[in-house]
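Everything below concerns the one structure shown next.
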Amino acid sequence: MLAQQRQSRIAERVHRTGAVRVAELVEEFGVSDMTIRRDLETLAERGLVAKVHGGATAVDFGSTTEPGFAVKQVRQEVEKQAVADAAATLVGPGQAIALSAGTTTWTLAHRLTDVPDLTVVTNSVPVADVFYRAGRADQTVILTGGVRTPSDALVGPFAVASLEKVNVDTVFLGVHGMSLRAGFTTPNLLEAETVSTLASKGRRLVVVADHTKYDVVGIATIAALDDADVIVTDSLLDEEARRQLREHVDQVVLAPVPTAEHHGPGRQRTTSEKRA
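With the first letter of the sequence shown counted as 1, position 269 gets the number 269 in full-length UniProt numbering; the numbers rise by one all the way through.
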């Protein structure tokens, strides 16, 4: 098969499924890892796909574009793992927490399955499934009802009604974007009311978002930057963005993103910066 034909088939698959992994394409086309990576680089240069760690995803086109859960799952995987590790240290036994929908909160959920006597409120089907599969009898999971979105969130009047009388210790909020002008945002108008309600139900609001979410603006605002007590992001966030966030948020936690020389058993220390 010619390279142009292979690239065309890869682009069609990304458009159809939303995401592909390098390993899957290597097996499917019977070519080397390097060949597939060159194909993805070529397609990315033409604006047909967006390269991510370990693969490629469909290209986003605006403030109302909402990729599916599988698409977002392969984006910034390393950064999300680091953010989840840091955020998990904020949870202790016997607490009641809320987790919004999203792949970062889903990654965090995997870190919390061993926390005893935990109560979890969520509007995310995948997040609830993580705890269900863990099968701990001492953990309670409350899944809201509602209409399912492309990101597997349950939203709408039923979800809002189920959250109105809930109060938790900490809300962990995943977001589509965060900016000084628009605050924390989502590309889904229907999701905005539900997530805004969820964000207001904790004594502490922790936003979990990797560095690529900064200066991204979705169509609907969930909360202002000042509403967050803590932002957990990763160490690839640039200095100017850090400064701006510290002016509005009490605590900014920078989770170290491991590099090749740090893939050993040791774990790097998380940096926590508080607003003066």
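Beta carbons: idealized from backbone N, C-alpha and C, even for Gly.
Rounded to whole angstroms, what is the Cα-Cα separation between residue i and residue j?
i           : j           : result
residue 64  : residue 222 : Confidence at residue 64 is low in this model, with a pLDDT of 48, below 50, so the placement of that residue should be treated as unreliable; the coordinate-derived value is given next. Their Cα atoms are separated by approximately 14 Å.
residue 61  : residue 49  : Only weak support exists for where residue 61 lies, its pLDDT of 49 falling under 50; the coordinates are left without a value.
residue 168 : residue 2   : 57 Å
residue 7   : residue 81  : 30 Å
residue 118 : residue 138 : 7 Å
residue 250 : residue 229 : 6 Å
residue 16  : residue 28  : 16 Å
residue 198 : residue 253 : 22 Å
residue 39  : residue 22  : 10 Å
residue 90  : residue 204 : 10 Å
residue 13  : residue 95  : 43 Å
residue 241 : residue 30  : 43 Å
residue 133 : residue 145 : 20 Å
residue 52  : residue 79  : 12 Å
residue 42  : residue 58  : 14 Å
residue 140 : residue 154 : 18 Å
residue 200 : residue 4   : 51 Å
Quick one, are the C-beta atoms of residue i and residue j less than 8 Å apart?
i           : j           : result
residue 124 : residue 162 : no
residue 104 : residue 227 : no
residue 220 : residue 189 : yes
residue 185 : residue 175 : yes
residue 109 : residue 131 : yes
residue 47  : residue 20  : no
residue 98  : residue 202 : yes
residue 122 : residue 143 : yes
residue 156 : residue 194 : yes
residue 178 : residue 236 : no
residue 173 : residue 208 : yes
Got a sec, what are the start and stop residues for the alpha helix (DSSP H) residue i sits in?
i           : result
residue 31  : Unbroken run through residue 31: none, as it is neither H nor E.
residue 208 : Careful: residue 208 lies outside any alpha helix (DSSP H), inside the beta strand (DSSP E) at 202–208.
residue 105 : 103–111
residue 80  : 77–88
residue 137 : No alpha helix (DSSP H) contains residue 137, which DSSP labels as neither H nor E.
residue 199 : 189–199
residue 163 : 157–163
Return the Cβ separation of residue i and residue j in integer angstroms, given the expectation that the two are a contact with Cβ distance under 8 Å.
i           : j           : result
residue 238 : residue 257 : Not a contact, Cβ separation roughly 13 Å.
residue 206 : residue 232 : 6 Å
residue 116 : residue 93  : 5 Å
residue 10  : residue 26  : Actually they do not touch by this definition, with Cβ atoms about 11 Å apart.
The ligand ATP heavy atoms versus the CB of residue i: any closer than 7 Å?
i           : result
residue 170 : The ligand ATP is not part of the structure shown, which contains no ligands of any sort.
Span of the beta strand (DSSP E) holding residue i?
i           : result
residue 246 : Element bounds for residue 246: not the beta strand (DSSP E) but the alpha helix (DSSP H), 239–246.
residue 179 : 177–179
residue 21  : 19–21
residue 55  : 55–57
residue 169 : 168–174
residue 234 : 230–234
residue 50  : 50–52
Three or more beta-carbon pairs under 8 Å between the segment 244–253 and the segment 214–227, yes or no?
-> yes
Three-pair Cβ contact test at 8 Å for the segment 145–158 versus the segment 82–89 | no
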